[in-house]
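Letter by letter, the sequence shown follows residues 1 to 331 of the UniProt record's numbering.
For each residue, glycine too, the CB sits at the ideal point set by N, CA and C.
Worksheet: one structure, shown below.
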Amino acid sequence: MKRIVILIPYFGDWPPFINIYLQSCAFNKEILDVIFITDLPAIKNAPENVNFHHISFDGLKKHIEDKLELKLPNIAPYKLCDFRPAYGVLFKELVKDYDFWGYGDIDLIYGELNRFITDDILNNYDLLAFKKGHLHGPFSLYRNNEDVNLLYRKGNFKEIFQTEEYLSYDEFSRNPFYTEIEDEQEILKLPNNNISVIVFKEQIAKNLSVYNVQYAKENLTKREIIAYSQGRLYNYHTNENYIFYHWVLEKRFIWFNYPNWILQAPKEFYMSLTGFYNIEEFKIYTYLHYKKMIVGMIKWWYLKIKNYIKRKVGLVVTLDTYPKRGWVKPL
């Protein structure tokens, strides 16, 4: 099997769900290595295929400036996502022994990667992404060769890298073009302000091949349940398998709760719009699910009214409500 490494710069504090992510890494040790680039201590009992490359955030900024020969503004850690397409150059020493390198998020859980990523696919494609229509920040893979590693330079990367705010260079910029185009030739008219457009243009020119299939799961409905069992990730009702589930939208709901699995996640559990459930909790899932929804909605309306009053009297709001019902965000 070809060797794959995922690079994840991470600064701050380890999140409460880190053991869920790590367990899914452990079940994929035959195909995947993960390297955290961080100033945090290594996580005790991390799987053997998860490693830690220690560097301060300021040290990493200096490393980027030296490697890319440019001066960075006062960026926050989240801005590093824009640099993802350049990781093959920035972390050349870390990826030198791998056939493919990639990047990803940790607010997700992997399924059986080798069910979706086979040697045949790796032999025939140069880039892999599992959200249809664009390269995907939560998990994308690049063949480790010079042509692919330098693709980021085909866009206005210097302008983007030297802008303080995150501009989604690793996905689709501020324009979700993949929802609007009807013919791939329309991509040729788009500016090279994100790696997806760059890569698809190269594919049209037959300079490389992209494997872009919808196997990832995001954005659950109220009734959907994702099951996890010994490394397998699937839809509880339809039995459809997923390469990973990314709870990027679900975590914004006030009723979405993380479990108290501090030392280790169970090898079998369930996920839905209201969070995580072990086997025993799942036996009374309907009760717990709707209890969380009802209590959460009451809390959300209370917060919305409270914030309205605070703003009227000039007080600071620290936790705000989104326009979408149920969503909250720290300010």
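Check	Outcome
Local Cβ density within 10 Å of residue 328, reported as buried at 16 or more and exposed below that	buried
Alpha helix (DSSP H) runs contained entirely in the stretch 184-264, provided each spans 4 or more residues	195-204
Spatial neighbours of residue 225 in its chain, beta-carbon cut-off 6 Å, leaving aside the 5 residues before and after	236, 270, 272
Backbone CA spacing between residue 255 and residue 220 [nearest angstrom]	14 Å
Residue burial classification, residue 325 (beta-carbon count within 10 angstroms, cutoff 16)	exposed
Closest by C-alpha distance to residue 182, when choosing among 28, 133, 223, 191	133
Cα-Cα separation, residue 192 to residue 25	33 Å
Beta-carbon proximity of residue 344 to residue 52, cut-off 7 Å	The requested residue 344 is not part of the displayed model; the chain covers only 1 to 331.
Among 48, 148, 40, 61, nearest to residue 89 - alpha-carbon criterion	148
Residue 7 to residue 310 span [Cα, whole Å]	42 Å
Residue nearest to residue 12 in terms of C-alpha spacing, selected from 28, 263, 286, 36	36
Cβ shell of residue 168 (< 7 Å), same chain only, five flanking positions each side left out	174, 194
C-beta atoms of residue 198 and residue 137 nearer than 7 Å	no
Between the CA atoms of residue 276 and residue 252 - distance to the nearest angstrom	14 Å
Residue 232 and residue 146 closer than 7 Å at C-beta	no
Rounded separation between residue 101 and residue 5 - CA only	5 Å
Counterpart residues of residue 53 in DSSP-defined beta bridges	37
Boundaries of the alpha helix (DSSP H) in which residue 147 is found, first to last residue	146-149
Residue 105 beta carbon less than 7 Å from that of residue 166	no
Three-state secondary structure assigned by DSSP to residue 153	helix
Continuous beta strand (DSSP E) assignments of at least 3 residues falling wholly in the stretch 263-326	268-272, 275-277, 319-321
For residue 141 and residue 242, the rounded distance between their alpha carbons	17 Å
Helix, strand or coil at residue 115 [DSSP, three-state]	helix
Opening and closing residue of the alpha helix (DSSP H) in which residue 76 lies	Per DSSP, residue 76 belongs to no alpha helix (DSSP H) and is neither H nor E.
Selection from 176, 59, 94, 188 that minimises the alpha carbon distance to residue 33	94
Terminal residues of the alpha helix (DSSP H) in which residue 109 lies	No alpha helix (DSSP H) holds residue 109; the beta strand (DSSP E) holding it covers 108-110.
Helix, strand or coil at residue 173 according to DSSP, with G and I counted as helix	coil
Cα-Cα separation between residue 10 and residue 63, rounded to whole angstroms	15 Å
C-alpha gap between residue 187 and residue 200, whole angstroms	7 Å
Whole-angstrom distance between residue 217 and residue 249, CA atom to CA atom	11 Å
Option in 259, 245, 211 with minimal Cα separation from residue 120	211
Cut-off 6 Å between Cβ atoms - residues of its own chain near residue 208, not counting five sequence neighbours on either side	126, 202
Residues of its chain near residue 144, where Cβ-Cβ distance is below 7 Å and the 5 sequence neighbours each way are ignored	88, 95, 98, 99, 100, 101
Three-state secondary structure assigned by DSSP to residue 83	helix
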